[in-house]
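The structure appears right after this line, and notes come after that.
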Amino acid sequence: MSFQLSREQFRTMILYDWKIGLTYKHSHARLVQAWREQASSDHTVFNWFHEFQRDNFNVQDAPLLGRPSTSVNEQTIDAVRKIIEDVPHSTYQQIENILGISSTAINSIIHDYLNLRKV
Numbered sequence: 015m016s017f018q019l020s021r022e023q024f025r026t027m028i029l030y031d032w033k034i035g036l037t038y039k040h041s042h043a044r045l046v047q048a049w050r051e052q053a054s055s056d057h058t059v060f061n062w063f064h065e066f067q068r069d070n071f072n073v074q075d076a077p078l079l080g081r082p083s084t085s086v087n088e089q090t091i092d093a094v095r096k097i098i099e100d101v102p103h104s105t106y107q108q109i110e111n112i113l114g115i116s117s118t119a120i121n122s123i124i125h126d127y128l129n130l131r132k133v
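Residue numbers (the working numbering): 15 to 133.
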């Protein structure tokens, strides 16, 4: 797939599925069928269904507390994307050694920014 969807876009699809009365399992299956490894996890879909049932329909990320990240930026996101495209079976350790950033930052980039489930 040549483009990546944002977490907010996936959440909007989950909200739609919730609104039309699908179960979270059926919603997750539809996401996996359409988006494969980019799809939100089963647990994430479950959590969002729970939020919608509590009348929380805000699909935007909540502001993060604490010190702002310095190693997660456009440059490192692009670098991680390129490494994964060039060597699809790269490990966290290999990416960490190449870029000199923490595995926590790599995890955030892979899951939060690139919307990938596995590396």
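Backbone N, C-alpha and C fix where the C-beta goes; we use that ideal spot for every residue, glycine too. Remember, predicted model here, so these are calculated numbers, not experimental data.
State the start and end residues of the unbroken alpha helix (DSSP H) segment that holds ASP75.
Neither: ASP75 is in no alpha helix (DSSP H) and is coded neither H nor E.
Any idea what DSSP makes of ARG95, helix, strand or coil?
Here ARG95 sits in helix by DSSP.
Measure the beta-carbon distance from ILE123 to VAL101 and round it to whole angstroms, keeping in mind my assumption that it falls under 8 Å.
16 Å between Cβ atoms; not a contact.
Drop a sphere of 10 angstroms on the beta-carbon of THR90, count the other beta-carbons inside from all chains shown, and report buried for 16 or more, exposed for fewer.
Result: buried.
So, is ARG25 buried or exposed, given that buried needs 16 or more other C-beta atoms within 10 angstroms?
It counts as buried.
Go ahead and label ASP92 buried or exposed: buried means 16 or more other beta carbons lie within 10 angstroms of its beta carbon, across all protein chains shown.
ASP92 is exposed by the Cβ-count criterion.
Out of GLN52, PHE66, ASN61 and GLU22, which has the shortest C-alpha to C-alpha gap to ILE34?
Closest by alpha carbon: PHE66.
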